[in-house]
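Going by UniProt numbering, the first residue of the sequence shown is number 32, and it counts up by one from there. Ideal Cβ placement from N, Cα and C applies to all residues, glycine included. Everything numeric in this text was worked out from a predicted model, so none of it was measured.
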Amino acid sequence: RKLGYAVVGLGGYGLGIIIPQFKNCQHSRLVALVSGDPAKAKRVAAEHGVPEKNIYNYQNYDSIRDNPDIDIVYVCLPVSMHAEYTIRAAKAGKHVLCEKPMAVSSPECEQMIAACRQAGKKLMIGYRCHFEATNLEAIRRARAGEIGKLRYFRSEHGFTANNPNAWRLKKAMSGGGSLMDIGIYALNAARYMTGEEPVAVYAHETTDRNDPRFREVEDMIEFELEFPSGVIGSCMSMYSANQNHILLMGDKGRIELEPGTSYRGNRLWVGNGRENEITPPPGPGATQWAGQLDHLSQCVLQNKDPIVPGEEGLRDLRIIEAIYQSARDKRRIVLKA
Ligand code: NAD
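Pasting the structure below:
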């Protein structure tokens, strides 16, 4: 059986990336849309075979409760709206896939987890790289000891933010700047590549506050993660240049990905430089998104927990909050176990 998804938010990601992916899925189908723009919703519904009765807006959203076509709600809204639309979905008796970063604060993440738990519904966060073939192969080789004992992790992620009016640059809607939006890929990769949880962070932010884009949120932030094994993670995110890179250094070699977390075209090298490029075996789905969508469907069908549940989003948010605190206070912050 294919489970029915309602996509909430028909923006760059929901409409541009997620909706076209249902054709690649085996256990998931698009059945409903939630949008503030009725004309757009009608057009998208017609294009993707969604019946008009399954078009909702932000006001009548709670009535998805009465629609048995909808099993899962996929929240593709600005970050400040994630908590509200996740909690309303859980209260309407639906499972939730919510985009990253999970919410603007860790208390909000806790409320989302509690609401889904109380409703007996699954909650998964849109960490697509956990379903992406190149990343999975890098993790497998690191765990298999191919580069020996891991000593150092590095990742830089950035893109150029152009529009000063975009919600990503408004703190109330985004919760923060490049760290929240794209630095989270470096942070999450540091955790899944090492297989460890950081015990302390140290961060340094530099932002031109006269730049109209950066009145409210940071441009560049660099953060160091200390792992229990002694591995150091050195990460950076920025909104003023394009960068997408992951490097693991072990005592017997290196694993390098560039780009590492892109939609397409990720590349992987294992060895001592870039001589040995690896073609990874296929991931769990036809694409990383199909793997992600079908994973949650299968978790629902088989009553299993997703590999990237709400707790994973919460963990990143708590570390992000410590990174911001470190940058503000200019001191090392020890993370609570
Ligand atoms: P976007 O601005 O393109 O789309 C946001 C959508 O929300 C739009 O359809 C907009 O109309 C709607 N919306 C509803 N109320 C709004 C309001 N008050 N203000 C602004 N927009 C409002 O953003 P996006 O790039 O699609 O990002 C949506 C979510 O997806 C974010 O959480 C983002 O982090 C995430 N995202 C994830 C990836 C990924 O690779 N996993 C990539 C891009 C975006």
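What's the call for Gly296, buried or exposed, on a 16-neighbour Cβ count within 10 Å?
Gly296 comes out exposed.
Helix, strand or coil: how does DSSP classify Thr237 here?
Strand.
Alpha-carbon spacing of Gly45 relative to Gly157, whole angstroms:
Spanning the two alpha carbons is a distance of roughly 11 Å.
Distance between Leu324 and Lys335 (C-alpha atoms, nearest Å):
Taking the straight line from one Cα to the other gives about 14 Å.
Tell me the residue span of the alpha helix (DSSP H) that contains Cys140.
Here the alpha helix (DSSP H) through Cys140 covers 137 to 150.
Just reading off the alpha helix (DSSP H) that His326 is part of, what are its end residues?
First-last of the alpha helix (DSSP H) with His326: 319 to 333.
Strictly by DSSP, which residues pair up with Ala37?
Residue pairing by DSSP places Ala37 opposite Ala63, Val104 in a beta bridge.
Three Cβ pairs or more, each shorter than 8 Å: is that satisfied between the segment 286 to 300 and the segment 128 to 147?
Touching, no.
Check whether the segment 145 to 154 touches the segment 167 to 176, counting contact only when three or more Cβ pairs, one atom from each stretch, lie closer than 8 Å.
They do not touch, by the three-pair rule.
DSSP has Phe184 in a bridge; who is on the other side?
In DSSP, Phe184 forms a bridge with Gly264, Leu279.
N-terminal and C-terminal residue of the beta strand (DSSP E) that Glu253 is part of:
Start and end: 251 to 257.
Just to confirm, does Met204 get its C-beta within under 7 Å of one of the non-hydrogen atoms of ligand 1?
Checking the Cβ of Met204 against ligand 1 gives yes.
Is the beta carbon of residue 384 within less than 7 Å of some heavy atom of ligand 1?
With the chain covering only 32 through 368, there is no way to say anything about residue 384.
Val135, buried or exposed, once every other Cβ within 10 Å from all chains shown has been counted against 16:
By the 10 Å Cβ count, Val135 comes out buried.
Hey, is Met112 close to ligand 1, as in C-beta under 7 Å from one of its heavy atoms?
In this structure, ligand 1 has a non-hydrogen atom nearer than 7 Å to the beta-carbon of Met112.
Is Tyr355 near ligand 1, with its Cβ less than 7 Å from a heavy atom?
No, the Cβ of Tyr355 stays beyond 7 Å of every heavy atom of ligand 1.
Compute the Euclidean distance between the alpha carbons of Asn303 and Gly284, then round it to the nearest angstrom.
C-alpha separation (whole angstroms): 5 Å.
The alpha helix (DSSP H) enclosing Arg298, as first and last residue numbers:
Element bounds for Arg298: n/a, residue is neither H nor E.
Comparing alpha-carbon positions, which option in Gln356, Leu327, Leu348 lies nearest Ser59?
Ranked by how close their Cα comes to the Cα of Ser59, the residues Gln356, Leu327, Leu348 have Leu327 in first place.
Taking the straight line between their C-alpha atoms, what separation do you get for residue 378 and Asp93?
This structure does not reach residue 378, given that the chain is present from 32 up to 368, and the question cannot be answered.
Using a Cβ-Cβ cutoff of less than 7 Å, which residues in the same chain neighbour Glu139 once the five nearest sequence positions on both sides are dropped?
In the same chain as Glu139, and ignoring 5 residues on each side of it, the C-beta atoms closer than 7 Å to its own belong to Ala114, in chain order.
Given a cut-off of 8 Å on the beta-carbon distance, is the pair Ser205 and Glu352 in contact?
No, these two residues do not count as a Cβ contact at 8 Å.
Is DSSP giving Pro340 helix, strand or coil here?
In this structure, Pro340 counts as strand in the three-state DSSP scheme.
Own chain, CB closer than 7 Å to Asp282, minus 5 neighbours either side, in chain order:
By the criterion of a C-beta distance shorter than 7 Å, Asp282 is surrounded in its chain by Gly179, Lys180, Arg182, once the five residues flanking it on both sides are discounted.
Arg285: first and last residue of the uninterrupted alpha helix (DSSP H) it sits in:
First-last for Arg285: 284 to 288, but that is the beta strand (DSSP E), not the alpha helix (DSSP H).
Round the Cβ separation of Glu257 and Pro229 to the nearest angstrom and send it over; I've been treating them as touching at under 8 Å.
Confirmed, Cβ separation roughly 6 Å.
Buried versus exposed call for Gly176 [16 or more other C-beta atoms within 10 Å across all chains shown]:
Under this definition Gly176 is an exposed residue.
For residue 12, which residues of its own chain have a beta-carbon under 6 Å away from its beta-carbon, when the five flanking residues on both sides are left out?
Since the displayed the chain opens at 32 and closes at 368, residue 12 lies outside it and no answer follows.
I believe Tyr89 touches Tyr36 by the beta-carbon criterion, under 8 Å. Please report the beta-carbon distance rounded to the nearest angstrom.
Rounded, the Cβ-Cβ distance is 18 Å, inconsistent with contact.
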